[in-house]
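Visitor: Pasting in a structure now, in structure tokens, and then I'll have a few things to ask.
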Amino acid sequence: MTLHGAGSYYFSVRGAKDQAIFHSVLEYGYGVEILAGIKQTRLLAYVFDEHQMQFVMQCDRDWTEVMDDIQIAFDDMHERCWHKRRQLLSDQGIVLLVDERAYLTDLIMQLHRWPETSRRVSDASLYPWSSDRHYRALTPPAWLDVEPMLNLLCNSRHNRAQRYDSVMQQPHNKTLDLQHGSHPTYQALARDEFISRFMKKQALSQAARSNDDLQRLFNDACQLVAERFDVSVEHMTNPINRRHFHRLMPVVVWLLRERGAHLDDITRLVGEDESRLRLWLRNLPADHPASLLNKLLALWSPQPPAAARPAAADKLDSATADNPPETAADALLTSGSG
């Protein structure tokens with residue numbers, strides 16, 4: 000069983016239809032930049048070859064959302080490099096939740112040794128597309144978070160690069176199962192007590208957002224998109240109107256994801272299955288320019304429940320009720336005109 004939610008994860012991703020991910024040296028560099036720049040994540044380690052990427056990330060949101068962003072970014076990168084758009088990364092992969100205290104050190108060591116154990120190089124330090132060299136550096140780059148692993152490996156903050164290098168030179172007898180993990184029930188490198196704490200935390204997080212909150216977010220997102228594209232909400236949200244529904248509802252889904260809504264909840268609100276929503280999100284950059292999406296995101300400010308709104312907001316609503324702005328953009332301009 001796969002686990003979901005914020006946490007540290009190991010990812011193994013291959014190219015779509017068993018094709019290569021990287022076709023040039025430049026693309027390897029772009030791939031590192033993409034992983035280092037995914038929002039609400041911290042890149043801990045990585046190792047690439049032509050057909051596969053393995054990496055470890057600390058994620059402040061569900062890994063499915065992170066993976067969607069990575070897939071879209073790699074598709075965009077391929078289009079910029081080769082002027083052709085296609086799905087670059089496979090939808091199938093391996094994702095393991097990582098119990099950092101128990102497994103992070105061995106996991107990163109195993110990834111860094113992978114080019115050597117797979118006989119690509121004679122020594123791991125010689126492989127260019129791995130984070131190993133940054134762990135050996137006296138001043139690692141800011142975009143790679145080496146602290147969690149090195150803090151576990153070393154008792155002191157001094158000479159950590161030398162300590163890492165010496166451990167890498169030692170024989171490595173412990174090999175982790177990066178296909179299934181170490182737990183008998185869940186896809187995870189984790190102890191039972193860690194899984195128990197993780198699931199309790201996720202249950203509390205899910206309970207914090209009520210169905211009413213999600214419905215309100217959905218309604219507000221639909222209203223904003225309908226106003227922007229000059230259609231009615233009823234027309235846009237009805238699947239019978241295929242052209243508008245399949246063109247505009249992906250924007251609504253994207254807005255909800257930007258607010259942290261889970262795909263399971265969005266499927267219920269939109270009435271489409273998860274695979275369709277993923278396809279929508281993947282194709283969104285081809286259907287709508289980034290400038291438009293960023294503008295919509297800047298304009299979107301869902302109203303809080305009436306009980307939670309301050310009295311001043313109610314007075315402002317009554318004062319403007321006779322002359323409401325025509326669009327969300329007009330509302331923003333009106334609020335900033337003073």
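So for the sequence shown, numbering that gives the first Met the number 0 puts the first residue at 0; every next one is plus one.
Built from N, CA and C at the ideal position, the CB exists for glycine as well.
Just the Cα atoms here: how many angstroms apart are V120 and R281?
Guide: Along the sequence shown, one-based indexing puts residue 120 at 121. Along the sequence shown, one-based indexing puts residue 281 at 282. Roughly 36 angstroms between the two C-alpha positions.
Visitor: Which word fits P170, buried or exposed, when buried means at least 16 other C-beta atoms lie within 10 angstroms of its C-beta?
Guide: In the sequence shown, counting from the first residue as 1, residue 170 sits at position 171. Under this definition P170 is an exposed residue.
Visitor: Going by the CB atoms, is the gap between W62 and V94 shorter than 7 angstroms?
Guide: What you label residue 94 is simply residue 95 of the sequence shown in a count that begins at 1. What you label residue 62 is simply residue 63 of the sequence shown in a count that begins at 1. Contact: yes.
Visitor: Just the Cα atoms here: how many angstroms apart are R308 and N154?
Guide: Residue 308 sits at position 309 when you count from the first residue of the sequence shown. Residue 154 sits at position 155 when you count from the first residue of the sequence shown. Unreliable placement is indicated for R308, whose pLDDT of 41 sits below 50; no coordinate value is reported for it.
Visitor: Whole angstroms is fine: what's the gap from G4's alpha carbon to D75's?
Guide: Within the sequence shown, residue 4 is the residue found at index 5, counting from 1. Within the sequence shown, residue 75 is the residue found at index 76, counting from 1. Looking at the two C-alpha atoms, the distance is approximately 26 angstroms.
Visitor: How would you write the range of the beta strand (DSSP E) that Q109 sits in, first residue to last?
Guide: Position 110 of the sequence shown, counted from the start, is the residue given in the question as residue 109. Careful: Q109 lies outside any beta strand (DSSP E), inside the alpha helix (DSSP H) at T104 to T116.
Visitor: Excluding the five sequence neighbours on either side, which residues of its own chain have a C-beta within less than 7 angstroms of the C-beta of P140, listed in chain order?
Guide: Here residue 140 corresponds to residue number 141 of the sequence shown, with the count starting at 1. Result list for P140: H133, in chain order.
Visitor: Does the count of Cβ pairs from the segment 266-274 and the segment 284-298 closer than 8 angstroms reach three?
Guide: Short answer: they don't touch.
Visitor: Would the beta-carbon of G92 fall within 7 angstroms of that of S11?
Guide: The sequence position of residue 92 within the sequence shown is 93, counting from 1. The sequence position of residue 11 within the sequence shown is 12, counting from 1. Cβ atoms of G92 and S11: closer than 7 angstroms.
Visitor: Use the C-beta contact count for S7: other C-beta atoms within 10 angstroms, 16 or more gives buried, fewer gives exposed.
Guide: Here residue 7 corresponds to residue number 8 of the sequence shown, with the count starting at 1. Buried: at least 16 other Cβ atoms inside 10 Å.
Visitor: How would you label I239, buried or exposed, when you count the other beta carbons within 10 angstroms and need 16 or more for buried?
Guide: Residue mapping note: residue 239 aligns to position 240 of the sequence shown, counting from 1. I239 is exposed by the Cβ-count criterion.
Visitor: Where do the N-terminal and C-terminal ends of the beta strand (DSSP E) with Q57 fall, by residue?
Guide: Here residue 57 is taken as the residue at index 58 of the sequence shown, counted from 1. Its beta strand (DSSP E) spans residues Q51 to C58.
Visitor: Determine the direct distance from the alpha carbon of E49 to that of L25, and round the result to whole angstroms.
Guide: Taking the first residue of the sequence shown as 1, we reach residue 25 at position 26. Taking the first residue of the sequence shown as 1, we reach residue 49 at position 50. Straight-line Cα distance between these residues: approximately 12 angstroms.
Visitor: Just curious, the alpha helix (DSSP H) that Y45 is in, first and last residue?
Guide: Here residue 45 refers to the residue found at position 46 when the sequence shown is read from its first residue. It is not in any alpha helix (DSSP H) - Y45 instead sits in the beta strand (DSSP E) that spans T40 to F47.
Visitor: Would you kindly check if the distance between the Cβ of A101 and the Cβ of R135 is under 7 angstroms?
Guide: Residue mapping note: residue 135 aligns to position 136 of the sequence shown, counting from 1. Residue mapping note: residue 101 aligns to position 102 of the sequence shown, counting from 1. It is not a contact, given that the beta carbons lie outside the stated cut-off.
Visitor: Below 8 angstroms, how does it come out for the segment 97-114 and the segment 39-57: are there three or more Cβ pairs, yes or no?
Guide: Yes: at least three Cβ pairs fall under 8 angstroms.
Visitor: Quick check on the DSSP output: the beta strand (DSSP E) that includes Q91 runs from which residue to which?
Guide: Here residue 91 refers to the residue found at position 92 of the sequence shown. Here the beta strand (DSSP E) through Q91 covers L88 to V97.
Visitor: Expressed to the nearest angstrom, what Euclidean distance is found between the alpha-carbon atoms of L254 and E233?
Guide: Within the sequence shown, the letter at position 255 stands for residue 254. Within the sequence shown, the letter at position 234 stands for residue 233. So the alpha carbons of these two residues sit roughly 18 angstroms apart.
Visitor: G6 bridges to which residues according to DSSP?
Guide: Position 7 of the sequence shown, counted from the first residue, corresponds to residue 6. For G6, which the question treats as bridged, DSSP gives the partners C58.
Visitor: How is the alpha helix (DSSP H) around L34 delimited, first residue to last?
Guide: In the sequence shown, the residue the question calls residue 34 occupies position 35. Taken as a continuous stretch (DSSP letters only), the alpha helix (DSSP H) holding L34 covers V24 to G36.
Visitor: D68: which of L87, D144, D98 and L103 sits nearest, CA to CA?
Guide: Position 69 of the sequence shown holds residue 68. Considering only alpha carbons, the answer is L87.
Visitor: Could you tell me whether the Cβ atoms of L96 and A189 are closer together than 7 angstroms?
Guide: Working through the sequence shown from its first residue, we reach residue 96 at position 97. Working through the sequence shown from its first residue, we reach residue 189 at position 190. Yes, the pair counts as a contact, with Cβ atoms nearer than the cut-off.
Visitor: Among residues of its own chain, excluding the 5 on either side of H287, which ones have a beta-carbon nearer than 7 angstroms to its beta-carbon?
Guide: Mapped onto the sequence shown, residue 287 falls at position 288. Once the five neighbours on either side are set aside, the close Cβ partners of H287 are V250.
Visitor: Would DSSP call A187 helix, strand or coil?
Guide: Position 188 of the sequence shown, counted from the start, is the residue given in the question as residue 187. Here A187 sits in strand by DSSP.
Visitor: Return yes when the Cβ of R13 is within less than 7 angstroms of the Cβ of S124, no when it is not.
Guide: In the sequence shown, the residue the question calls residue 124 occupies position 125. In the sequence shown, the residue the question calls residue 13 occupies position 14. Against a cut-off of 7 angstroms, the Cβ pair of R13 and S124 comes out as no contact.
Visitor: On the DSSP letters alone, give me the boundaries of the alpha helix (DSSP H) that Q178 sits inside.
Guide: Here residue 178 is taken as the residue at index 179 of the sequence shown, counted from 1. It is not in any alpha helix (DSSP H) - Q178 carries neither H nor E in the DSSP assignment.
Visitor: In angstroms with no decimal places, state the Cα-to-Cα distance between D212 and M167.
Guide: Translated into positions along the sequence shown, residue 212 becomes position 213. Translated into positions along the sequence shown, residue 167 becomes position 168. Between D212 and M167, the C-alpha separation is close to 50 angstroms.
Visitor: Which partner residues does L143 have in the DSSP bridge list?
Guide: Your numbering for residue 143 matches position 144 in the sequence shown. According to DSSP, L143 bridges with L42.
Visitor: For F228 and F73, I'd like the C-alpha separation in whole angstroms.
Guide: Here residue 228 corresponds to residue number 229 of the sequence shown, with the count starting at 1. Here residue 73 corresponds to residue number 74 of the sequence shown, with the count starting at 1. Whole-angstrom Cα-Cα distance: 29 angstroms.
Visitor: What residues in its chain sit with their C-beta under 7 angstroms from that of D131, if we drop five residues either side in the sequence?
Guide: Locating residue 131 in the sequence shown gives position 132, counting from the first residue. Correct list, in chain order: H111, A123 and S124.
Visitor: Compute the Euclidean distance between the alpha carbons of A19 and M66, then round it to the nearest angstrom.
Guide: Position 20 of the sequence shown, counted from the start, is the residue given in the question as residue 19. Position 67 of the sequence shown, counted from the start, is the residue given in the question as residue 66. When rounded, the distance between both Cα atoms is 18 angstroms.
Visitor: Mark M198 as exposed unless 16 or more other C-beta atoms lie within 10 angstroms of its C-beta, in which case mark it buried.
Guide: Locating residue 198 in the sequence shown gives position 199, counting from the first residue. Counting Cβ neighbours within 10 Å, M198 comes out exposed, since fewer than 16 surround it.
Visitor: CA-CA distance, R41 and E99?
Guide: Indexing the sequence shown from 1 puts residue 41 at position 42. Indexing the sequence shown from 1 puts residue 99 at position 100. Each residue's alpha carbon lies about 14 angstroms from the other.
Visitor: Are there 16 or more other CB atoms within 10 angstroms of the CB of Q109, so buried, or fewer, so exposed?
Guide: As a working note, residue 109 is residue 110 in the sequence shown. Buried, since its Cβ has 16 or more Cβ neighbours within 10 Å.
Visitor: Using only alpha-carbon positions, find the residue among Y45, I37, I107 and A44 that is nearest to R60.
Guide: Walking along the sequence shown from the start, residue 60 turns up at place 61. The candidate whose alpha carbon is nearest that of R60 is I37.
Visitor: Return yes when the Cβ of L247 is within less than 7 angstroms of the Cβ of V224, no when it is not.
Guide: The residue labelled residue 224 in the question sits at position 225 within the sequence shown. The residue labelled residue 247 in the question sits at position 248 within the sequence shown. Contact: yes.
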